[in-house]
Amino acid sequence: ATMPNQIDEETASRRLSTLQNRHSEILDEIVKKQENKTFKVLFEELRAGNSIAGRTDNNFLVQVEGSEELLGQFKEVK
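Residue numbers (the numbering used here): 216 to 293.
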C-alpha cells in the first residue's frame with residue numbers, strides 16, 4: 216500500500232542530503248565549543264591501536280591512548 220501525498224525519490228534524496236549536511240555542521244560547532252575543556256570520562260571500551268573509548272557525563276564519545284587498566288574508571292580528560 217502507498218501513502219497519499221508522497222514526494223518523488225529525487226526530492227527525498229535532496230532533502231536528506233541537506234539535512235545530513237546541516238547535522239554535520241551543527242556537530243562541528245558543538246565539538247569546537249568543547250575544545251580545551253576538561254571532562255570526566257568513564258572508559259568502557261578497548262579500541263584498536265592501544266586506544267580506549269568512553270563517554271563524558273554529557274554523552275560525548277571520547278577516544279584516547281590507553282590500556283585495559285582504565286576500563287570502568289573515571290578520568291579527567293582535556
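Glycine is no exception: its CB is placed at the ideal position from the N, C-alpha and C atoms.
Predicted model, so just to flag it, every value in this text is computed and none were measured.
### Message
Taking the alpha carbon of serine 266 as the reference point, which residue from Glu284, Gln249, Asp243, Ile222 has its own alpha carbon closest?
### Response
Glu284
### Where the beta strand (DSSP E) containing alanine 268 begins and where it ends
266-271
#### Entry: Buried/exposed call for glutamate 258, threshold 16 Cβ in 10 Å
One point to set straight first is that residue 258 is phenylalanine, not glutamate, in the sequence displayed. Under this definition phenylalanine 258 is a buried residue.
### Message
Give me, in chain order, the residues of the same chain whose beta-carbon lies closer than 6 Å to that of lysine 293; leave out the 5 immediate sequence neighbours on both sides.
### Response
Thr253
### Query
In chain order, which alpha helix (DSSP H) runs of at least 4 residues are fully inside the segment 218-264?
Within the segment 218-264, the runs of alpha helix (DSSP H) that reach at least 4 residues and sit entirely inside it are, in chain order, 224-249.
### Task
Please work out which residues of its chain come closer than 6 Å, Cβ to Cβ, to phenylalanine 289, disregarding the five sequence neighbours upstream and downstream, and give them in chain order.
Lys255, Leu257
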